[in-house]
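Trainee: Residue numbers (the numbering used here), protein chains in the order written: chain A, 3 to 327; chain B, 74 to 430; chain C, 27 to 313.
All C-beta atoms, glycine included, are put in the ideal place defined by N, C-alpha and C.
Here it is, written out as structure tokens:
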């Protein structure tokens, strides 16, 4: 098991180098260079040259590349000109927010997706199953940003009763500083509800479809008949014997849906003014703040790589056929 | 003696399919007495497995359904109308079952020990010693049983997952699971079909010895007459959803009454006689959605004549006590000698039927 | 003879597809959408870009004369949604065409030639798949001047990896099958084997992937345009229409709502048909 983990980790190294290289090539082979993009034409050429020097753009390409490689070992991603502070600081502020949002969405995706899919499978072909299938297809086809806006519309409508009002932007309320510890927790959780829902619900519908199929397949297996022949209640047969097996392939969906979550966070963070990596990337793109763009896309690549690793390892943990080999 | 251990009367199990209603089991009746081994024999698709699953009501309903008038009694208690909770006590408690595919019949995500002790705990088939927890007691009994079915080093193997064991070992685990609750009846559905010949023999010997020891009755479902000859007291031959012949094992092998049984017996390779040729029954088992009219074996029967358009019933036949067959030949035995019988097949598969030109 | 077998298979597929009621619903929706996109100039009650007397016509709630209301320039949302369908659907179709062409070519080459070339290509696929697609898209688009052509190209260039994996897998399976060996014995060249024998077998899963892929492509285009990095105003696309209504959303809900619904129904239609096709083309499945 540990050897398997180490092997998978080593396999990720070349991909990581590939990610770093690809980002470098993309941003340096593009027409124009980052320095010209910062300034309007009436800025004096000397300042642009100084800028170039600062960014290391006056050096030969391979030297720039090495510098870029080195920055990831030192954690020094350069300086953000739009935010007037080191890129590392920008990341340090943004990354936890994105991780929190993604983690909550992930839990939502799998808890909601698996429960809905399981209920559908157990009640196959019932009216409930048919209606749910249709609804989840609808949800699955919804663009996250639009759903986000619709939620904002609904929750800021005067028709919404006061106790149901949920915050529609940011991570905390303006009076957060003056709250007690419990109030602060509640405030943070309330801020998470709408963005994580908008980010995750489409994927939850995808997981539900998959779970339904997976559980139906497992229910047809011989060992389920064995469990029934033992005299176990239908409830135990499904919850203990079937569900566990049906969940094994679901774990591999982690590797599919986590990247989708990270990508979706760009849009959802913009819609809900969530100060995370996605919004940082977006703002950096609008501001042509290349050091931040490079660092953020690199980190998104690392996150996906980590997600795939996590998926493979979880798979090994819950499937004894892999674990004990 | 009072009522038999298991009494099946007019059991009918039908399935809804795309092609219409499949009459998989179509009115069968038989008894299993305490401690005896009864074999239910037939080709695949004749309804023998459905019969077994119907007894424990393990068939998915729908598409399957048990017709009104079907009766399955366990020591006089009707199971077809029993509550689900009572059925659960019977399943794995009074009647256990083992299946054909040991490779897929065990749950891959639980250890074999967990799966055996689950059955034990479910049916409380253990006595807890002083200060012993229920779980620990079940574990102890499970290990005893793993040992009893011949699994080496059972203490250690308790923590093994099914994929770490061979097919034969897995079937031993299934047997341990089935017998650990000391059932009165074990239904074994093709228990050795998926196994190597040498392993088959070991499993059958294991079953036989445990059966003598525990006094369990066995309903053995198989297509393999070789297996039947080794273990069965009584044999029922099933064809097209019905029982076509019933006799003691000895009588059946000596003098089969139904032409279908005759065909089956001639299809068995007999190593001792070194017979070079095997008979084969022409044609295939008909579909359960469209059984032939009259005698259902008529299209494949070498003796069939006009009377076979009428449906024969199961009637006493032959010299032995308790033998019966569903065939008009029981009325007109002289036709048997005049008929052509089954053609013999040479090893290269060509038929050399006497009646063929 | 072969063609007859193929025609029969096609008929069987159509028969099974027809039984799939949801897929038929999806197909009807697609026909309706494509039809109204093509006929937009004839159907649309107003010029989608016309701005006359803005103060009098802007922010009108849905009514008989403006079934989906008007935006802040007084433009008719219904007409703009119709014209937006032309943009979104053509970007979707073209981008998926690029993606499947690229994916099929790369997957077929990798699977057929194997060896180091295969390893290199598949590592490349792994690499591209380690970026969230939307991140890759926004970064790529931001490097250039935004235009419809750029969006289409970039969507195509980021959408082929799944197809190439499918095709490679299929080619590996088919390659080992007897008739390919037979063709080789008969001395046919590799290219010919590839084109005549393998590609037709690979077509089925690719068609399914393409149908399901159109939905995702339309979603990605909408997201890009919503972020202001895709189709640029005043050209109407569903994504930028949703964005344009964002600021006035609380007063004029219709500006964001209707283009969004258009996206949902379009994507759903393609997903329905994709599911139906998959079930109908897969002989193991019973619909």
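#1: Distance, Cα to Cα, residue 142(A) vs residue 294(C)?
#2: Within its chain, find whatever has a CB closer than 7 Å to the CB of residue 193(A); leave out the 5 residues flanking it on each side and keep chain order.
#3: For residue 158(C) and chain A, any beta-carbon pair shorter than 8 Å?
#4: Kindly give me the distance between the Cβ atoms of residue 384(B) and residue 395(B), rounded to whole angstroms, as I take these residues to be in contact under 8 Å.
#5: In this structure, does DSSP put residue 349(B) in helix, strand or coil?
#6: Would you call the CB atoms of residue 137(C) and residue 197(C) closer than 8 Å?
#7: Tell me the DSSP bridge mates of residue 99(B)?
#8: Any C-beta of chain F sitting closer than 8 Å to the C-beta of residue 17(A)?
#9: Using a Cβ cut-off of 8 Å, pull out every chain B residue sitting near residue 225(A), in sequence order please.
#10: In terms of residue numbering, what span does the beta strand (DSSP E) encompassing residue 312(B) cover?
#11: Just to confirm before moving on: does the CB-CB distance between residue 223(B) and residue 267(B) stay below 8 Å?
#12: The beta strand (DSSP E) with residue 137(B) in it runs from where to where?
#13: Output yes or no for whether 8 Å exceeds the beta carbon distance between residue 175(B) and residue 236(B).
#14: Which whole-angstrom value is the C-beta distance of residue 308(B) and residue 290(B), which I expect to be below 8 Å?
#15: Consult DSSP for residue 253(C) and reduce its assignment to one of helix, strand or coil.
#16: Please list, in chain order, the residues of the segment 122–145 of chain B that have any C-beta partner in chain A closer than 7 Å.
#17: Give me whichever residues DSSP pairs with residue 85(C) in a beta bridge.
#18: May I ask you to list, following chain order, the residues of the segment 228–244 of chain B that have a beta carbon less than 9 Å from some beta carbon of chain A?
#19: Please classify residue 280(B): is it buried, with 16 or more other beta-carbons within 10 angstroms of its beta-carbon, or exposed?
#20: Quick one: Cα of residue 160(A) to Cα of residue 152(A), how far?
#21: Would a check of beta-carbon distances place residue 322(A) closer than 8 Å to chain B?
#22: Check each candidate in 325(B), 296(B), 319(B) and 324(B) and name the one with the smallest Cα separation from residue 116(B).
#23: Going residue by residue through the segment 127–179 of chain C, where are the continuous beta strand (DSSP E) segments of at least 3 residues, counting only ones entirely within it?
#24: Beta carbons nearer than 7 Å to chain B: which residues of the segment 233–258 of chain A have them?
#25: Between the segment 186–198 of chain B and chain A, which residues of the former have a C-beta closer than 9 Å to a C-beta of the latter?
#26: For the segment 239–259 of chain C, which residues have a beta carbon sitting closer than 7 Å to at least one beta carbon of chain A?
#27: Can you list, in chain order, the residues of its chain with a C-beta nearer than 8 Å to that of residue 216(B)? Leave out the 5 residues immediately preceding and following it.
#28: Quick check on DSSP: helix, strand or coil for residue 93(B)?
#29: Alpha carbon to alpha carbon, how far is residue 121(B) from residue 300(B)? Give it in angstroms, no decimals.
#30: Determine which residues share a DSSP beta bridge with residue 294(B) and list them.
#31: Could you spell out the range, first to last residue, of the beta strand (DSSP E) harbouring residue 318(A)?
#32: So, do the segment 266–281 of chain C and the segment 87–95 of chain C have three or more beta carbon pairs nearer to each other than 8 Å?
#33: Look at the alpha carbon of residue 302(C) and the alpha carbon of residue 255(A), and state the distance between them as a whole number of angstroms.
#34: Considering only their Cβ atoms, is the gap separating residue 79(B) from residue 147(B) smaller than 8 Å?
#35: Around the Cβ of residue 347(B), are there at least 16 other Cβ atoms within 10 angstroms (buried) or fewer (exposed)?
#36: Tell me, please, whether the CB atom of residue 306(C) is closer than 8 Å to any CB atom in chain A?
Mentor: With the given structure in hand:
#1: Numbered from 1 along the first chain, position 140 holds the residue referred to as residue 142(A). Numbered from 1 along the third chain, position 268 holds the residue referred to as residue 294(C). Computed Cα separation, rounded: 8 Å.
#2: The residue given as residue 193(A) occupies position 191 in the first chain. Closer than 7 Å at Cβ, skipping near neighbours: 169, 172, 173 and 174.
#3: The residue given as residue 158(C) occupies position 132 in the third chain. At least one CB atom of chain A sits nearer than 8 Å to the CB of residue 158(C).
#4: Against the second chain, residue 384(B) aligns to sequence position 311. Against the second chain, residue 395(B) aligns to sequence position 322. Between residue 395(B) and residue 384(B) the Cβ distance is about 23 Å, and since that is not below 8 Å, they are no contact.
#5: Sequence index remark: in the second chain, residue 349(B) carries index 276 (1-based). Low confidence applies here, because residue 349(B) scores a pLDDT of 49, under 50, leaving its location unreliable and the question unanswered by this model.
#6: What you label residue 137(C) is simply residue 111 of the third chain in a count that begins at 1. What you label residue 197(C) is simply residue 171 of the third chain in a count that begins at 1. Contact flag set, yes.
#7: In the second chain, residue 99(B) corresponds to position 26, counting from 1. Answer by DSSP bridge pairing, in chain order: 85(B).
#8: The structure shown has no chain F; the protein chains it does contain are A, B and C.
#9: Residue mapping note: residue 225(A) aligns to position 223 of the first chain, counting from 1. Correct list: 177, 178, 179, 180 and 181.
#10: Position 239 of the second chain, counted from the first residue, corresponds to residue 312(B). First-last of the beta strand (DSSP E) with residue 312(B): 307–312.
#11: As a first step, residue 223(B) must be located in the second chain, where it is residue number 150. As a first step, residue 267(B) must be located in the second chain, where it is residue number 194. In this structure, residue 223(B) sits away from residue 267(B), with a CB-CB distance that is not shorter than 8 Å.
#12: On the second chain, residue 137(B) is found 64 positions in, with the first residue counted as 1. Residues 137–139.
#13: Here residue 175(B) corresponds to residue number 102 of the second chain, with the count starting at 1. Here residue 236(B) corresponds to residue number 163 of the second chain, with the count starting at 1. Not in contact: residue 175(B) and residue 236(B) (Cβ atoms no closer than 8 Å).
#14: As a working mapping, residue 308(B) is identified with position 235 in the second chain. As a working mapping, residue 290(B) is identified with position 217 in the second chain. 15 Å between Cβ atoms; not a contact.
#15: For the purposes of this step, residue 253(C) is identified with residue 227 of the third chain, where counting begins at 1. Reduced to three states, the DSSP call for residue 253(C) is coil.
#16: 129 and 131
#17: In the third chain, the residue the question calls residue 85(C) occupies position 59. Paired residues: none, contrary to the question.
#18: 233, 234, 235, 236 and 237
#19: Numbered from 1 along the second chain, position 207 holds the residue referred to as residue 280(B). Buried is the call here.
#20: Here the question's residue 160(A) lines up with position 158 in the first chain. Here the question's residue 152(A) lines up with position 150 in the first chain. Taking the straight line from one Cα to the other gives about 14 Å.
#21: Along the first chain, one-based indexing puts residue 322(A) at 320. True, the Cβ-Cβ gap to chain B drops below 8 Å.
#22: In the second chain, counting from the first residue as 1, residue 116(B) sits at position 43. Residue 116(B) has its Cα closest to that of 296(B), out of 325(B), 296(B), 319(B) and 324(B).
#23: The qualifying runs do not exist here; there are none.
#24: 233, 234, 235, 243, 246 and 247
#25: The residues in question are 188, 191, 192, 195 and 196.
#26: Flagged, chain order: 241, 245, 248, 249, 252 and 253.
#27: For this step, residue 216(B) is matched to residue 143 along the second chain. Excluding positions up to five away in sequence, the list reads 186, 227, 228 and 231.
#28: Within the second chain, the letter at position 20 stands for residue 93(B). In this structure, residue 93(B) counts as strand in the three-state DSSP scheme.
#29: For the purposes of this step, residue 300(B) is taken as the residue at position 227 of the second chain. For the purposes of this step, residue 121(B) is taken as the residue at position 48 of the second chain. C-alpha separation (whole angstroms): 16 Å.
#30: To locate residue 294(B), count along the second chain from 1; it is residue 221. DSSP output for residue 294(B) lists 113(B) and 262(B) as bridge partner(s).
#31: Working through the first chain from its first residue, we reach residue 318(A) at position 316. Segment 292–320 is the alpha helix (DSSP H) holding residue 318(A); no beta strand (DSSP E) there.
#32: yes
#33: Taking the third chain and counting its residues from 1, one reaches residue 302(C) at position 276. Taking the first chain and counting its residues from 1, one reaches residue 255(A) at position 253. When rounded, the separation of the alpha-carbon atoms in residue 302(C) and residue 255(A) is 22 Å.
#34: Counted from its first residue, the second chain places residue 147(B) at position 74. Counted from its first residue, the second chain places residue 79(B) at position 6. Yes, they are a contact pair.
#35: The residue labelled residue 347(B) in the question sits at position 274 within the second chain. Any reading at residue 347(B) must be qualified, since the residue scores a pLDDT of 48, below 50, and its modelled position is unreliable; the value itself is stated next. Result: exposed.
#36: Here residue 306(C) is taken as the residue at index 280 of the third chain, counted from 1. Judged by the 8 Å Cβ criterion, residue 306(C) is not in contact with chain A.
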